[in-house]
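Heads up, the sequence shown is in my numbering, so the first residue is 2 and it goes up one at a time. Working notes for the structure below.
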Amino acid sequence: MSTELAVAVPVGEILADELNDRGWTQAEFAEILDRPAQFVSEIVSGKKEITRESATQIAAALKTSPEMWLKIQDKYYLWRHAQDERSQGQLNDVRLRARLKDLAPISVLRQRGIIQGETPSEQARELEHLYNLDNIFSDPAILVAARRSKADEHVSGTQLAWIACVRQRAEELEVGTYDRAALEELAANLTRLIKEPADFIRLPGLFAEVGVRLVFVEAFPGSKMDGCAFLLGDGSPVIGISGRGKRFDKVLFTVLHEVAHIILGHLDDEKYIIDDQGESPTLGAEGPANDQAADWVLPAPLPAVPARINQPWLMSVASSLGIHPIVLIGRLQNDGRIPWKSTLVKNAPSVLAELKKW
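Structure (structure tokens):
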């Protein structure tokens, strides 16, 4: 017999037809299988399912394959399942929960009060609003942009959610007209303007004056997201930082790094720049941005660095450059002149408290 059926039919009906074609009664077929007559009767009536064992016996008797009988049975049960509204509703919930899992760390967003819905449907509506989606199964703009730039680029749900939170806050800010030259001048002087943790409170205002929205969204748990840069619909730049690392110099360098992406024109090629040290390769050219940011960190060349660097030398040089000593230490650590676990970084200032006041 043919193993392909155009429509789903109960396997018992197919078996009954096969027996009729051969002129066998159900009792006779039961004898062939060495099974009780009730066994065959219940399969034909749909009260009993064909198992792998019984499929092999039926196939041996009818010169067919076990797979054929199991396939017919599964096709029918799947068809019947698809007609059940309650079952389909449950499957839709499964699809929705899986989609939410792909798009965002829902538990983190709920903990932070960004999403408050209890049910998947409520959470989906809130995520649609956060991501500017008409439908939760549509792709967020950053995914579309990433795939257009690099077909194999992976953007995680954590990255998506963090950047969406940055964008949401950025859209609430009012800034001046974007001035590229003024932004570059600000970057070149930033380490001399921001010399104490308390000065970090001034940063959003300084950037607003040159038309850039600077936003802080604290890093999500387990994430290694440092920062991002992108353009709003009107073409104005946005910089987002997570404060990961918390240390004065690290956070300040992240800000300069994102500025470098903007000044170097990387947003002309990439809609979004994502700086993440953990989840995926960064979108954007990192080498040039790092080099430019490093040039801005120190406003003048360093004097000869002694073989043994001590606190008095650091304080003296930092004072002459007009920068915080930890900025100098951070630069020397990156250059390999000071170990990462040096006692010189003991009590390095954190700026997390200041960032939370933005």
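Backbone N, C-alpha and C define an ideal beta-carbon position, used for all residues, glycine too.
{"Item": "Collapsed DSSP secondary structure at residue 346 in the structure displayed", "Value": "helix"}
{"Item": "Bridge-paired residues (DSSP) for residue 241", "Value": "216 and 229"}
{"Item": "Short Cβ contact (9 Å threshold) for residue 102 with residue 158", "Value": "yes"}
{"Item": "Residues bridged to residue 276 (per DSSP)", "Value": "228"}
{"Item": "Where residue 96 falls: helix, strand or coil (DSSP)", "Value": "helix"}
{"Item": "Reduced DSSP secondary structure (H/G/I, E/B, other) of residue 66", "Value": "coil"}
{"Item": "Collapsed DSSP secondary structure at residue 351 in the structure displayed", "Value": "strand"}
{"Item": "Helix, strand or coil at residue 248 according to DSSP, with G and I counted as helix", "Value": "strand"}
{"Item": "Beta-carbon proximity of residue 252 to residue 216, cut-off 9 Å", "Value": "no"}
{"Item": "Assigned secondary structure, residue 155 (DSSP; H/G/I helix, E/B strand, else coil)", "Value": "coil"}
{"Item": "Distance between residue 331 and residue 192 (C-alpha atoms, nearest Å)", "Value": "12 Å"}
{"Item": "Proximity of residue 214 and residue 233 at Cβ, strictly below 9 Å", "Value": "yes"}
{"Item": "Given 8 Å, three or more beta-carbon pairs between the stretch 169-177 and the stretch 314-333", "Value": "no"}
{"Item": "Residue range of the unbroken alpha helix (DSSP H) whose run includes residue 270", "Value": "267-270"}
{"Item": "Residue 222 versus residue 118: straight-line alpha-carbon distance, rounded", "Value": "21 Å"}
{"Item": "Range covered by the alpha helix (DSSP H) that runs through residue 289", "Value": "287-298"}
{"Item": "Meets three-Cβ-pair contact criterion under 8 Å: the stretch 8-15 and the stretch 32-48", "Value": "yes"}
{"Item": "Touch test, the stretch 268-278 against the stretch 130-150, Cβ-Cβ under 8 Å, three pairs minimum", "Value": "yes"}
{"Item": "Extent of the continuous alpha helix (DSSP H) to which residue 9 belongs", "Value": "First-last for residue 9: undefined, no H or E at that position."}
{"Item": "Contact check, residue 60 vs residue 41, beta carbons under 9 Å", "Value": "no"}
{"Item": "Any 3 or more C-beta pairs closer than 8 Å across the stretch 64-75 and the stretch 121-141", "Value": "no"}
{"Item": "Span of the alpha helix (DSSP H) around residue 208", "Value": "204-210"}
{"Item": "Cβ-based neighbour list, residue 305, same chain, cut-off 8 Å, excluding 5 preceding and 5 following", "Value": "none"}
{"Item": "6 Å CB neighbourhood of residue 205 in its chain, flanking five on each side removed", "Value": "215 and 359"}
{"Item": "Limits of the alpha helix (DSSP H) - the one that residue 326 falls within", "Value": "326-335"}
{"Item": "DSSP-derived helix/strand/coil call for residue 134", "Value": "coil"}
{"Item": "Three-state class that DSSP yields for residue 359 in the structure shown", "Value": "coil"}
{"Item": "Status (buried if at least 16 other CB within 10 Å, exposed otherwise) for residue 282", "Value": "Residue placement at residue 282 is poorly supported in this model, since its pLDDT is 38, which falls under 50; the coordinates still yield a value, given next. With fewer than 16 Cβ atoms within 10 Å of its Cβ, residue 282 is classed as exposed."}
{"Item": "Closest Cα partner of residue 352 within the set 338, 220, 314 and 201", "Value": "201"}
{"Item": "Best match in 135, 268, 340 and 93 for proximity to residue 236 [C-alpha to C-alpha]", "Value": "268"}
{"Item": "Residue 24 versus residue 91 - alpha carbon distance", "Value": "44 Å"}
{"Item": "Spatial distance of residue 57 from residue 97 (CA atoms)", "Value": "39 Å"}
{"Item": "Local Cβ density within 10 Å of residue 226, reported as buried at 16 or more and exposed below that", "Value": "buried"}
{"Item": "CB of residue 263 within 9 Å of CB of residue 209, strictly", "Value": "no"}
{"Item": "Where residue 201 falls: helix, strand or coil (DSSP)", "Value": "helix"}
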